[in-house]
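Q:
Here it is, written out as structure tokens:
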């Protein structure tokens, strides 16, 4: 197809990015006439075709392609804008398209009838434009601009149902926390430019780039690495900046699917892989620690959630922690591999959850009941009514839990085995990280098994008004087909020819990351077996607890409450940061009203009185003296003017008066 149409990869990649933007503009122009989503869908279809046939197949394994043009000049410094196509960027671009396309198709049925649908398609197109632009940016400044645009578009999407107070609070929370990370990213850009004189990714991070010659023990290099990681922490919801992601579930489920799969939250991992040569061993260790804490804490919090979407949200956070650990141990190719596999099965998990919620909402409205349609305690036995949705959810859950024959099995093994090799190589306490990852992997199997059992097994928790069979069905075809596509992509065949050996994955073969740690061959056999047995055991326990109703803990158990309350982190943030900020603002307000405004009023009063006094002095004294002199001169002149009138009798009279006055003077004297 490429030879037939003769489109260069650069032109094709520009079109890939521009198509959603054109769709955004057209939908903004047409307004409520564009509620069908045809424009947005057509744009993402074209972008996907171009991305696969004209960009990915041409660039993959064929070296980098760079195109730049002059952007602007400040003083002697010139900045360029351009396109960077290499294995990393074209892979990310293709994943974004392949995830966005089924989400667009699914949304046509899922969002049907929503009164703000034209805004939904506008925001979705804007989000895709920003994310696709981010993937192929040639320099850090250009990447940062799209990074910010992604955050803004996600703000609009999370708060799509803006009449709900919870949605408004969620999008504000996401926006504010992401600003913390954005400040870090911006400081990193400033540090790199101040010390290296360029922001061009090729000039900095290529195999012969400037960063290769750096002394990574320099203080600024360490600081730059940490602030870049701060940017990734917020965007990829790493502990303790993860708190915005569960609340972001207030947006439509299709949006959650897109954000959690391969776009916004993956951008942080993509950024770290892009600037990876900048990191020294200290920064990488910090990344490993934070990634491990994130993976473990999010898995624990997922155990106590009842909202089906919040379990998946914490699952995303936990899996992003796995990717961060992979970056931290130097295996960023494994991070990208897990990012790619996770994109498909996590997108499928959300779309399946959306299909369930869709039906529960219809059942609730039809039966005029009052319950939370996202709470798993109101579900149960849905596999009888939604068998196709159940199969899709089952495939995605198997992939997330890391069962053999799925893509998740390969990518998770890749991270855990390499983490174990890294831990053995480093020795001592470093082994804690891979051990925690193994435990988290088993916990992952347990919480996703819990979701599956509580939702699709047991008995249906709600009774129909007439006592008959609940009118719950599988989602319509326009929702099911995208889910089936994602289910196929969640199997191993899409990523490797060998179902049990991650070494056969084509993504790992391409990146060729040098592994300084000696391979421990026995781990490649023991770890997959152990993790599989652990996942089976976790599902067996979950089956006994949630299907056989032999749950051993009280619902009021403190550990259950701890997990359900997300470790009370929100309460801690509320008490320490939010309420402290509110108290500080009240103190500042009172200081402003009492001290600043008081001093201002005092000086105003004093100035007014002083000016009044000065006005009186000026008017009565200064002007009075001047007027007295002027009037005296006037009257004296007037008097003299009457003497000098040219009449002889006047002169005699004047002389007589002078003589008389002289005589009087002499007599008195």
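Residue numbers (our numbering): 1243 to 1911.
Glycine included, each C-beta is placed from N, C-alpha and C at the ideal position.
Near residue 1769, which residues of its chain fall below 7 Å by C-beta distance, leaving aside the five closest residues on each side in sequence?
A: 1655, 1658, 1659 and 1662
Q: Hey, out of 1498, 1718, 1481 and 1546, whose CA is closest to residue 1423's CA?
A: 1481
Q: Kindly list the residues whose CB is nearer than 8 Å to the CB of residue 1308, restricted to its own chain and excluding five residues on each side of it in sequence; keep chain order.
A: Closer than 8 Å at the Cβ level, and outside the excluded window around residue 1308, lie 1324, 1325, 1326, 1327, 1380 and 1444.
Q: Please check the pair residue 1725 and residue 1667, which I expect to be a contact at CB under 8 Å, by giving their CB distance rounded to whole angstroms.
A: Between residue 1667 and residue 1725 the Cβ distance is about 42 Å, and since that is not below 8 Å, they are no contact.
Q: Assign residue 1708 to one of three DSSP states: helix, strand, or coil.
A: coil
Q: Thinking residue 1413 and residue 1435 are a contact (beta carbons under 8 Å), I'd like their distance in whole angstroms, please.
A: So it is not a contact: roughly 32 Å between Cβ atoms.
Q: Among 1532, 1574, 1557 and 1722, which has the Cα closest to the Cα of residue 1628?
A: 1722
Q: Is the number of C-beta pairs between the region 1731-1751 and the region 1573-1592 that are closer than 8 Å three or more?
A: With a cut-off of 8 Å, the region 1573-1592 and the region 1731-1751 count as touching, because enough Cβ pairs lie within range.
Q: Taking the alpha-carbon of residue 1562 as reference, which of 1552, 1547, 1578 and 1491 has the nearest alpha-carbon?
A: 1578
Q: Quick check for students: name the residue ranges of the alpha helix (DSSP H) that lie wholly in the region 1369-1408, counting only runs of 4 or more.
A: 1382-1400
Q: For residue 1366 versus residue 1376, is the C-beta spacing smaller than 8 Å?
A: no
Q: Only counting the same chain, and skipping five residues up and downstream in sequence, which positions put a Cβ closer than 7 Å to that of residue 1257?
A: 1292
Q: State the Cα-Cα distance for the pair residue 1280 and residue 1835, rounded to the nearest angstrom.
A: 56 Å
Q: Select from 1517, 1849 and 1464 the residue whose C-alpha is nearest the C-alpha of residue 1448.
A: If you compare the alpha carbons of 1517, 1849 and 1464 with that of residue 1448, the shortest gap goes to 1517.
Q: Report, in whole angstroms, the separation of the C-beta atoms of residue 1500 and residue 1473, which I expect to be a contact under 8 Å.
A: 21 Å between Cβ atoms; not a contact.
Q: Are three or more beta carbon pairs between the region 1486-1495 and the region 1523-1539 nearer than 8 Å?
A: no
Q: Check for me: the beta strand (DSSP E) holding residue 1320 runs from which residue to which?
A: 1319-1327
Q: Quick check on DSSP: helix, strand or coil for residue 1926?
A: The chain is shown from 1243 up to 1911; residue 1926 falls before or after that span and cannot be answered.
Q: Between the region 1250-1264 and the region 1326-1342, can you find at least three pairs of beta-carbon atoms closer than 8 Å?
A: yes
Q: Does residue 1794 pass the burial test, meaning 16 or more other C-beta atoms within 10 Å, or should it be called exposed?
A: exposed
Q: Using the rule of at least 16 other Cβ atoms within 10 Å of the residue's Cβ for burial, across every protein chain shown, is residue 1409 buried or exposed?
A: buried
Q: Looking only at its own chain, which residues have a Cβ that is under 6 Å from the Cβ of residue 1467, when we skip the five neighbours before and after it?
A: Cβ within range, chain order: 1520, 1521 and 1525.
Q: Check whether the region 1264-1280 and the region 1298-1318 are in contact - that is, three or more C-beta pairs closer than 8 Å.
A: No, because fewer than three Cβ pairs between the region 1264-1280 and the region 1298-1318 fall closer than 8 Å, the two stretches do not touch.
Q: Per DSSP, what kind of secondary structure is residue 1713 in: helix, strand or coil?
A: Three-state DSSP puts residue 1713 in coil, outside helix and strand.
Q: With which residues is residue 1475 paired in a DSSP beta bridge?
A: None, per the DSSP bridge assignment.
Q: Give me whichever residues DSSP pairs with residue 1311 in a beta bridge.
A: 1323
Q: Taking the alpha carbon of residue 1688 as the point to measure from, which residue in 1602, 1543, 1477 and 1665 has its own alpha carbon closest?
A: Nearest C-alpha to residue 1688: 1543.
Q: Please confirm whether any heavy atom of the ligand PLP lies closer than 7 Å to the CB of residue 1357.
A: No copy of the ligand PLP occurs in the structure displayed, which carries no ligand at all.
Q: Kindly indicate which three-state DSSP category residue 1703 falls into: helix, strand or coil?
A: coil
Q: Note down, in chain order, each residue of its chain lying with its Cβ closer than 8 Å to the Cβ of residue 1749, except the 5 sequence neighbours on either side.
A: 1333, 1575, 1578, 1579, 1582 and 1737
Q: So which of 1485, 1626, 1251 and 1476 has the shortest CA-CA distance to residue 1812?
A: 1485
Q: Out of curiosity, what's the CA-to-CA distance linking residue 1236 and residue 1853?
A: Examination of residue 1236 is not possible in this model, given that the chain is present from 1243 through 1911 alone.
Q: Taking the alpha helix (DSSP H) that residue 1302 falls in, what are its first and last residues?
A: Per DSSP, residue 1302 belongs to no alpha helix (DSSP H) and is neither H nor E.
Q: Note the first and the last residue of the continuous alpha helix (DSSP H) segment covering residue 1586.
A: 1574-1609
Q: Measuring alpha carbon to alpha carbon, tell me which residue in 1300, 1798 and 1446 is nearest residue 1382.
A: 1446
Q: Start and end of the alpha helix (DSSP H) containing residue 1273?
A: First-last for residue 1273: undefined, no H or E at that position.
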